[in-house]
Amino acid sequence: AILDVFRQEPLPAHHPFWTTDGIIVLPHIGGPHPRRDEIVARLFVENVQRFLDGQPLKEVVDRAAGY
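Residue numbers for the sequence shown follow the numbering used here, beginning at 3 and rising by one.
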């Protein structure tokens, strides 16, 4: 996931997002990130393969958790 909007900005240095695999933290400039399209495309292709293989998808939205 590429995240760039948070309740508290800047995101505190101790926040777990900084060290969580699969999360890229941006300073409220996510739209024009130069690697955004590449990262999204790779995740999409990987998730299609996971779906076809019957595996759980990556980066699924958890509505119960609020994200």
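Glycine included, C-beta positions come from ideal geometry on N, C-alpha and C.
Residue range of the alpha helix (DSSP H) that includes residue i
i, result
"L59", "It is not in any alpha helix (DSSP H) - L59 carries neither H nor E in the DSSP assignment."
"E48", "R38 to L54"
Cβ neighbours of residue i in the same chain (closer than 8 Å, five flanking residues each side left out)
i, result
"G24", "A3, K60 and E61"
"H30", "D6, V7 and E11"
Contact set for residue i: own chain, Cβ-Cβ below 7 Å, skip 5 residues either direction
i, result
"H35", "I4 and L28"
Contact with chain D by residue i, beta-carbon distance below 8 Å
i, result
"R44", "The chain labelled as chain D is not found in the depicted structure, where only one protein chain is given."
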